[in-house]
Amino acid sequence: SQKIEQNSEALNIQEGKTATLTCNYTNYSPAYLQWYRQDPGRGPVFLLLIRENEKEKRKERLKVTFDTTLKQSLFHITASQPADSATYLCALDSPNSGGYQKVTFGIGTKLQVIP
Amino acid sequence: NAGVMQNPRHLVRRRGQEARLRCSPMKGHSHVYWYRQLPEEGLKFMVYLQKENIIDESGMPKERFSAEFPKEGPSILRIQQVVRGDSAAYFCASSLGQLTYEQYFGPGTRLTVT
Chain A
18 SQKIEQNSEA LNIQEGKTAT LTCNYTNYSP AYLQWYRQDP GRGPVFLLLI
68 RENEKEKRKE RLKVTFDTTL KQSLFHITAS QPADSATYLC ALDSPNSGGY
118 QKVTFGIGTK LQVIP
Chain B
101 NAGVMQNPRH LVRRRGQEAR LRCSPMKGHS HVYWYRQLPE EGLKFMVYLQ
151 KENIIDESGM PKERFSAEFP KEGPSILRIQ QVVRGDSAAY FCASSLGQLT
201 YEQYFGPGTR LTVT
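The following block contains the structure:
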């Protein structure tokens, strides 16, 4: 079955620096990959989706890359701010024959931006 | 436009009782997903429903758990005879269509079984 690996250790970074989070996967070739943000006690919030034929996607200070050869996605937050502190989840579409969207989530990486 | 609503936000049940978790999707959304999140674990898919139909319940335990999404009213996740291992955060998400990628999550219901 597909496996998603995110660095379960917290990532501490100084304000203003670029934060880079990693999502690795095995045993599957997803058609797309998503990134979500989750704050304590809240539900995840969708941030970005990148398809298998896209190398990179940007949204404001966020950038996602997708390397299907390495089976890896990198999630970058440039000019990081304390408000960016949260847990970031990677999600891959799951194989199913039902013709509907179904995703599998990674455990998430906790980002702490230090003022 | 109100987002996905879940209630209650916190639910405490004794072992053996029943837990009912409610989810009202975003307006116009007819597709609902339920997930369970245990401490230090990722979100685990439980069930996917469309109005009046269970499409995929492959992530839901066969016993004690059931879900419905009636024509009128919220989606309900029901856990009968709860055990301590059922303690978790349960999240509901809705989407606009079957092929819509983005899921909108509710705030979750935190179930504690004592």
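Top to bottom, those sequences are chains A and B. In this text, residue positions in the first sequence follow our numbering: the first is 18, and each later residue adds one. In this text, residue positions in the second sequence follow our numbering: the first is 101, and each later residue adds one. Cβ atoms here follow ideal geometry from the backbone N, Cα and C, with glycine treated the same way.
Excluding the 5 residues preceding and the 5 following residue i in the sequence, name in chain order all residues of the same chain whose CB lies nearer than 8 Å to its CB.
i: B:Q203; result: Y133, A193, S194 and S195
i: A:P132; result: E32 and P99
i: B:A167; result: W134, M146, V147, L149, I154, E157, M160, S175, I176, L177 and R178
Round the Cβ separation of residue i and residue j to the nearest angstrom and send it over; I've been treating them as touching at under 8 Å.
i: B:Q137; j: B:F191; result: 6 Å
i: B:I176; j: A:Y117; result: About 20 Å separates the two Cβ atoms, so there is no contact after all.
i: A:L109; j: A:T95; result: Contact flag wrong, Cβ pair sits at about 24 Å.
i: A:Q129; j: A:A27; result: 6 Å
Give me the DSSP bridge partner(s) of residue i.
i: A:D84; result: A:Q89
i: B:H131; result: B:Q150 and B:S195
i: B:Q137; result: B:L143 and B:A189
i: A:D110; result: A:V120
i: B:E168; result: B:I176
i: A:R68; result: A:Y49
i: B:D156; result: B:Y148
i: A:Q55; result: A:T104
Who are the Cβ neighbours of residue i in its own chain at under 6 Å, not counting the five residues just before and after it?
i: B:E157; result: V147
i: B:E118; result: Q180
i: B:M160; result: M146 and V147
i: A:I67; result: L50, K74, V81 and F83
i: B:A189; result: Q137, G208 and R210
Which residue marks the beginning of the beta strand (DSSP E) containing residue i, and which one marks its end?
i: A:K20; result: K20 to Q23
i: B:A119; result: A119 to S124
i: A:Q31; result: L28 to Q31
i: B:T209; result: T209 to V213
i: A:A36; result: A36 to T43
Would you mind sorting residue i into buried or exposed? The rule is 16 or more other CB atoms within 10 Å of its CB.
i: B:L211; result: buried
i: A:S46; result: exposed
i: A:A36; result: buried
i: A:T126; result: buried
Looking only at its chain, what residues have a beta carbon closer than 7 Å to the beta carbon of residue i, apart from the 5 residues adjacent to it on each side?
i: A:T82; result: K72, E73, S90 and L91
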